[in-house]
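Down below is the structure, laid out as C-alpha cells.
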Amino acid sequence: MSVTANSSATETQAHRDNVSDEAARVQRLAGQWNRVRERLQVEVGEAEYRTWLRQMTLGNVDGDEVTVHLPTRFLRDWVRSHYGDRLNALWHGEDPAIRRVDIRVGRGLSTGGLAESLAAPPALPKSAGAPVQPSGMRAEERMEARDQLAVTLEPRFTFQSFVVGKPNEFAYACARRVAEKPASQGFNPLFLYGGVGLGKTHLMHAIGWELDERRSRHPASVIYMSAERFMYRFIAAIRSQSTIEFKEQLRSVDVLMVDDLQFLIGKDNTQEEFFHTFNALVDAGKQIVVSADKSPSDLSGLEDRLRTRLGCGMVADLHATTYELRISILEAKAVAAAVNVAPKVLEFLAQRIVSNVRELEGALNRLIAHANLFGREITLETTQEVLHDILRAHDRRITIEEIQRKVAEHWNIRLTDMASSRRARAVARPRQVAMYLAKQLTSRSLPEIGRRFGNRDHTTVMHAVARVGELIERDAAFGEQVELLRRMLEG
Ligand code: ADP
Ligand code: MG
Numbered sequence: 002m003s004v005t006a007n008s009s010a011t012e013t014q015a016h017r018d019n020v021s022d023e024a025a026r027v028q029r030l031a032g033q034w035n036r037v038r039e040r041l042q043v044e045v046g047e048a049e050y051r052t053w054l055r056q057m058t059l060g061n062v063d064g065d066e067v068t069v070h071l072p073t074r075f076l077r078d079w080v081r082s083h084y085g086d087r088l089n090a091l092w093h094g095e096d097p098a099i100r101r102v103d104i105r106v107g108r109g110l111s112t113g114g115l116a117e118s119l120a121a122p123p124a125l126p127k128s129a130g131a132p133v134q135p136s137g138m139r140a141e142e143r144m145e146a147r148d149q150l151a152v153t154l155e156p157r158f159t160f161q162s163f164v165v166g167k168p169n170e171f172a173y174a175c176a177r178r179v180a181e182k183p184a185s186q187g188f189n190p191l192f193l194y195g196g197v198g199l200g201k202t203h204l205m206h207a208i209g210w211e212l213d214e215r216r217s218r219h220p221a222s223v224i225y226m227s228a229e230r231f232m233y234r235f236i237a238a239i240r241s242q243s244t245i246e247f248k249e250q251l252r253s254v255d256v257l258m259v260d261d262l263q264f265l266i267g268k269d270n271t272q273e274e275f276f277h278t279f280n281a282l283v284d285a286g287k288q289i290v291v292s293a294d295k296s297p298s299d300l301s302g303l304e305d306r307l308r309t310r311l312g313c314g315m316v317a318d319l320h321a322t323t324y325e326l327r328i329s330i331l332e333a334k335a336v337a338a339a340v341n342v343a344p345k346v347l348e349f350l351a352q353r354i355v356s357n358v359r360e361l362e363g364a365l366n367r368l369i370a371h372a373n374l375f376g377r378e379i380t381l382e383t384t385q386e387v388l389h390d391i392l393r394a395h396d397r398r399i400t401i402e403e404i405q406r407k408v409a410e411h412w413n414i415r416l417t418d419m420a421s422s423r424r425a426r427a428v429a430r431p432r433q434v435a436m437y438l439a440k441q442l443t444s445r446s447l448p449e450i451g452r453r454f455g456n457r458d459h460t461t462v463m464h465a466v467a468r469v470g471e472l473i474e475r476d477a478a479f480g481e482q483v484e485l486l487r488r489m490l491e492g
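If you read the sequence shown in the numbering used here, its first letter stands for residue 2, the second for the next number, and so on.
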C-alpha cells in the first residue's frame with residue numbers, strides 16, 4: 002500500500018469507511034512517518050536529505066519501537082550514527098508511545114520516493130576503440146568527467162574585485178602566491194580560514210580564475226568544490242561502484258580546492274577518502290587549497306592525522322573586517338555598480354553592519370535596487386527605511402544584560418542594582434539610562450524591558466525613556482555620557 006498520502010485525509014477516510022483497525026493503524030503510522038521525514042528534511046536541508054535519508058523506508062511498529070529500513074549497510078550505519086537520535090526524538094514527538102527508531106538494512110512498506118539523483122551518478126561515456134587507460138577511461142573522458150566534478154567559478158570572485166585591507170592582506174597574498182606558483186615550498190596546502198562571509202570562497206575562486214588565465218603558459222587542471230559536494234560525489238561513486246574512477250579523476254588534477262572543510266566533521270568515511278586524495282596529490286607535487294571556518298587546530302572532530310597534514314603548509318586567517326575595510330569594500334562595490342552613494346550612507350552602513358561582507362554587500366545591493374526602481378537618490382533616511390529589517394536584526398545582537406552591565410560599570414554601581422528597588426539617585430539614574438538604551442538599542446517591548454529590570458511596570462520604563470531623553474537635551478555632559486555608552490555598546 003502507498004504510504005505517501007496526506008495524513009489527516011487518510012485518517013478521516015479510515016474512519017468514514019470503518020476499515021479494520023489494522024489499516025487505520027498503518028495509515029496513522031504513515032502520517033507520522035511523513036511528518037517525521039518532512040521535519041528532518043527541513044532540519045538537515047535538501048542536499049543532505051537527498052544524500053542520506055531519502056531512501057529510508059518505513060518498516061513496522063513493534064510495541065514502542067518503529068523500524069526504518071535503508072538499502073545498504075553503509076547507509077544504515079551512517080544514518081544510525083548521524084541521524085539516529087533525531088529520528089528518535091522526532092518520532093517520539095509525533096507519538097509519545099514510540100521510544101525508539103530501529104534502523105536496519107532492508108526494504109519497508111514503501112519507498113517513499115526513491116533517490117534517483119544519487120542512484121544515477123554522471124554516466125561516463127564508454128570508450129570505443131581508442132587507447133584505454135588502466136581504469137578503462139580515455140584521457141578525454143577523464144577530463145570530461147573531471148569537468149563534471151568541478152563547479153563553475155563565480156565570475157565576480159576575482160583578485161581584481163577583492164578589496165585588500167589589514168584583516169585579509171595576508172590571506173590575499175598567500176592566495177596570489179599559490180595562483181602564480183602552485184605547489185611551491187611552504188605553501189602547500191594552503192589553508193584559509195575565517196568566519197562566514199569574510200571572503201574565503203571569493204579567494205578560492207580567484208585562484209581558479211588566475212590559474213585559468215595562465216593556462217596557456219602553464220597548463221594546469223583545477224578542481225574547485227565544496228566539501229559537501231566532495232562527499233556527495235564520493236558516496237555516489239561508492240554506490241555505483243565507481244570509486245576507482247572517482248579517485249583517478251581527483252588525483253589527476255594539478256590543483257584541488259575544497260571549500261568549507263568543516264562540513265566533513267563527523268563524516269569519517271569521507272574524511273578518510275579526502276585524506277588519501279590529499280596525500281596522493283601532495284606527494285605528487287600538486288597544490289591543495291582548503292578553507293574552513295576554524296584553524297586546523299580548532300577543527301575538533303577532524304581526524305588527527307588529517308588535521309596535522311592540513312596545518313603543514315601555509316595557514317592564513319581572514320580576520321573580522323575593520324571599519325576601514327568595510328568602507329573600502331562599499332566604495333569599491335558602489336563604483337562597480339556605477340552608482341553614486343553619499344559617503345554618509347556608506348559610513349552608516351559600515352558602522353551598523355559589522356558581521357560580515359556578505360551582509361554588507363546584500364544591504365548595499367538592496368539600496369541600489371531600490372534607488373533604481375524608484376529613481377530616487379539614496380539618502381540616510383531611505384537607507385533606514387529600506388533596510389529596517391536588516392538593521393533591526395543587527396540591533397538585536399545587543400542584549401539587555403550587556404546594556405545593564407556596561408551602564409553599571411560606567412557609574413560604578415552593582416549589576417544587581419539594575420533590578421533592585423533602591424531609589425537613591427546614584428542608582429536610579431543609571432537604571433533609567435539602561436532602560437533608555439534597552440529601548441533604543443534592542444527590539445524588546447516596554448513590558449519586556451520592565452521585566453528584566455526587577456519586574457517593573459512598563460509605565461516605569463516609559464517614564465525612564467522620556468526622562469532620559471529630556472535630560473540629554475538639557476544637560477550636554479550627561480548627553481555625552483549616554484552617547485558614549487551607546488557607541489561602546491554598538492561596538
Ligand atoms: P566566505 O566563503 O568566507 O563565507 P565569501 O567568499 O562567500 O565568504 O564572501 C561573501 C561575499 O562577500 C562575496 O560576495 C564576496 O565577494 C564578498 N567579499 C568578501 N570579502 C571581500 C573583499 N575583501 N572584497 C570584496 N568582496 C568581498
Ligand atoms: Mg564560502
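C-beta: ideal position from N, C-alpha, C; glycine also.
Start-end ranges of the alpha helix (DSSP H) lying completely within the region 379 to 455, minimum 4 residues: If only complete runs of 4 or more residues are kept, the region 379 to 455 shows the alpha helix (DSSP H) at 381 to 387, 389 to 396, 401 to 412, 426 to 442 and 447 to 453, in order along the chain.
Inter-residue Cα distance where the pair is residue 404 and residue 388: As a working note, residue 404 is residue 403 in the sequence shown. As a working note, residue 388 is residue 387 in the sequence shown. Per the coordinates, the alpha-carbon of residue 404 lies some 24 Å from the alpha-carbon of residue 388.
Nonlocal neighbours in the same chain, by C-beta distance under 6 Å from residue 134, ignoring five residues either side: Taking the sequence shown and counting its residues from 1, the one referred to as residue 134 is at position 133. With a pLDDT of 36 at residue 134, under the threshold of 50, the modelled position of this residue cannot be trusted; read the value that follows with caution. Cβ within range, chain order: n/a, list empty.
Rounded straight-line distance, which links the Cα of residue 162 to that of residue 183: Taking the first residue of the sequence shown as 1, we reach residue 183 at position 182. Taking the first residue of the sequence shown as 1, we reach residue 162 at position 161. Distance between the alpha carbons of residue 183 and residue 162 is about 21 Å.
message: Let's see if you can read the secondary structure: which residues bound the beta strand (DSSP E) around residue 227?
response: As a first step, residue 227 must be located in the sequence shown, where it is residue number 226. Membership of residue 227 in the beta strand (DSSP E) is indicated by the continuous run 223 to 227.
- request: Quick one: using the 10 Å Cβ neighbour count with 16 as the cut-off for buried, is residue 324 buried or exposed?
  value: For the purposes of this step, residue 324 is identified with residue 323 of the sequence shown, where counting begins at 1. So residue 324 counts as exposed.
field: Beta-carbon spacing of residue 105, residue 70 below 8 Å
entry: Locating residue 105 in the sequence shown gives position 104, where the first residue counts as 1. Locating residue 70 in the sequence shown gives position 69, where the first residue counts as 1. A contact, by the Cβ cut-off of 8 Å.
- prompt: If you check the beta carbons only, do residue 192 and residue 347 fall under 8 Å apart?
  reply: Position 191 of the sequence shown, counted from the start, is the residue given in the question as residue 192. Position 346 of the sequence shown, counted from the start, is the residue given in the question as residue 347. Result no, Cβ atoms of residue 192 and residue 347 do not sit closer than 8 Å.
Same chain, Cβ closer than 7 Å to residue 203, five either side skipped, listed in chain order: For the purposes of this step, residue 203 is taken as the residue at position 202 of the sequence shown. Cβ neighbours of residue 203 beyond the five flanking positions: 158 and 163.
Neighbouring residues (CB closer than 7 Å to any heavy atom of ligand 2): A distance filter of 7 Å between CB atoms and the heavy atoms of ligand 2 selects the following residues in sequence order: 201, 202, 260, 261 and 292.
message: With H, G and I counted as helix, E and B as strand and the rest as coil, what does DSSP make of residue 349?
response: In the sequence shown, the residue the question calls residue 349 occupies position 348. DSSP places residue 349 in helix when its eight states are reduced to three.
- request: Report whether the distance from the Cβ of residue 157 to the nearest heavy atom of ligand 1 is below 7 Å.
  value: Numbered from 1 along the sequence shown, position 156 holds the residue referred to as residue 157. At least one heavy atom of ligand 1 is nearer than 7 Å to the Cβ of residue 157, so yes.
query: residue 81 by DSSP, collapsed to three states: which one?
result: For the purposes of this step, residue 81 is identified with residue 80 of the sequence shown, where counting begins at 1. Residue 81: helix per DSSP, three-state reduction.
query: Cβ-heavy atom distance between residue 241 and ligand 1 below 7 Å?
result: In the sequence shown, the residue the question calls residue 241 occupies position 240. For residue 241, the shortest C-beta to heavy atom distance toward ligand 1 is 7 Å or greater.
message: Rounded to whole angstroms, what is the Cα-Cα separation between residue 373 and residue 338?
response: Translated into positions along the sequence shown, residue 373 becomes position 372. Translated into positions along the sequence shown, residue 338 becomes position 337. Cα-Cα distance, rounded: 11 Å.
Residue range of the unbroken alpha helix (DSSP H) whose run includes residue 170: As a working note, residue 170 is residue 169 in the sequence shown. Residues 170 to 181.
message: Between residue 169 and ligand 1, is there a pair consisting of the residue's CB and a ligand heavy atom that are separated by less than 7 Å?
response: Position 168 of the sequence shown, counted from the start, is the residue given in the question as residue 169. Result yes, Cβ under 7 Å from ligand 1.
field: Which listed residue (205, 170, 52 and 197) has its alpha carbon closest to that of residue 155
entry: What you label residue 155 is simply residue 154 of the sequence shown in a count that begins at 1. Distances from the CA of residue 155 to each of 205, 170, 52 and 197 were compared; the closest alpha carbon is that of 205.
- prompt: Which residues mark the beginning and the end of the alpha helix (DSSP H) in which residue 288 is found?
  reply: As a first step, residue 288 is located in the sequence shown; it is residue number 287 there, counting from the start. Looking at the DSSP string, residue 288 is not in any alpha helix (DSSP H); the run it does join, the beta strand (DSSP E), is 288 to 293.
Proximity test, residue 199 beta-carbon vs ligand 1 heavy atom, cut-off 7 Å: As a first step, residue 199 must be located in the sequence shown, where it is residue number 198. Answer for residue 199: yes, Cβ within range of ligand 1.
query: Which term fits residue 43, buried or exposed, when burial requires 16 or more other beta carbons within 10 angstroms of its beta carbon?
result: As a working note, residue 43 is residue 42 in the sequence shown. Result: exposed.
message: Whether or not the region 288 to 306 and the region 324 to 334 are in contact is what I'm after, with contact meaning three or more pairs of Cβ atoms, one per stretch, closer than 8 Å; do they touch?
response: Not touching, per the Cβ criterion.
query: DSSP three-state call for residue 65: helix, strand or coil?
result: Start at 1 with the first residue of the sequence shown, and residue 65 comes out as number 64. DSSP, read as helix, strand or coil, puts residue 65 in coil.
message: Measuring only the C-alpha atoms, how far is residue 235 from residue 82?
response: Here residue 235 refers to the residue found at position 234 when the sequence shown is read from its first residue. Here residue 82 refers to the residue found at position 81 when the sequence shown is read from its first residue. Distance between the alpha carbons of residue 235 and residue 82 is about 19 Å.
message: Starting from residue 165, trace the beta strand (DSSP E) in both directions and tell me its first and last residue.
response: Translated into the one-based positions of the sequence shown, residue 165 becomes position 164. No beta strand (DSSP E) contains residue 165, which DSSP labels as neither H nor E.
message: Tell me the residue span of the alpha helix (DSSP H) that contains residue 324.
response: Position 323 of the sequence shown, counting from 1, holds the residue named residue 324. First-last of the alpha helix (DSSP H) with residue 324: 324 to 337.
- prompt: How many angstroms separate the CA atom of residue 321 from the CA atom of residue 349?
  reply: Within the sequence shown, the letter at position 320 stands for residue 321. Within the sequence shown, the letter at position 348 stands for residue 349. Cα to Cα, the separation comes out at about 18 Å.
- prompt: Where do the ends of the beta strand (DSSP E) carrying residue 247 lie?
  reply: By one-based count along the sequence shown, residue 247 stands at place 246. Premise fails: residue 247 lies in the alpha helix (DSSP H), 244 to 252, not in any beta strand (DSSP E).
message: Per the DSSP calculation, residue 195 is bridged to which residue(s)?
response: In the sequence shown, residue 195 corresponds to position 194, counting from 1. According to DSSP, residue 195 bridges with 319.
query: So what does residue 301 bridge to, in DSSP terms?
result: Mapped onto the sequence shown, residue 301 falls at position 300. Bridge partners of residue 301: 303.
query: Cβ of residue 162 versus every heavy atom of ligand 1: is any distance shorter than 7 Å?
result: Here residue 162 corresponds to residue number 161 of the sequence shown, with the count starting at 1. Set against 7 Å, the gap from the CB of residue 162 to the closest heavy atom of ligand 1 is smaller.
- prompt: Cα-Cα, which of 255, 165 and 57 is closest to residue 75?
  reply: In the sequence shown, residue 75 corresponds to position 74, counting from 1. Here the closest residue by C-alpha is 57.
message: For residue 124 and residue 330, I'd like the C-alpha separation in whole angstroms.
response: Within the sequence shown, residue 124 is the residue found at index 123, counting from 1. Within the sequence shown, residue 330 is the residue found at index 329, counting from 1. Interpretation of residue 124 is limited by its pLDDT of 31, a score under 50 that renders its predicted location unreliable; no figure is taken from the coordinates.
query: When burial is assigned at 16 or more other CB atoms within 10 Å of the CB, is residue 326 buried or exposed?
result: By one-based count along the sequence shown, residue 326 stands at place 325. Around the CB of residue 326, 16 or more other CB atoms lie within 10 Å, so the residue is classed as buried.
message: Output needed for residue 229: all residues of its chain with C-beta closer than 6 Å, excluding positions within five of it in sequence on either side, in chain order.
response: If you number the sequence shown from 1, residue 229 lands on position 228. 264, listed in sequence order.
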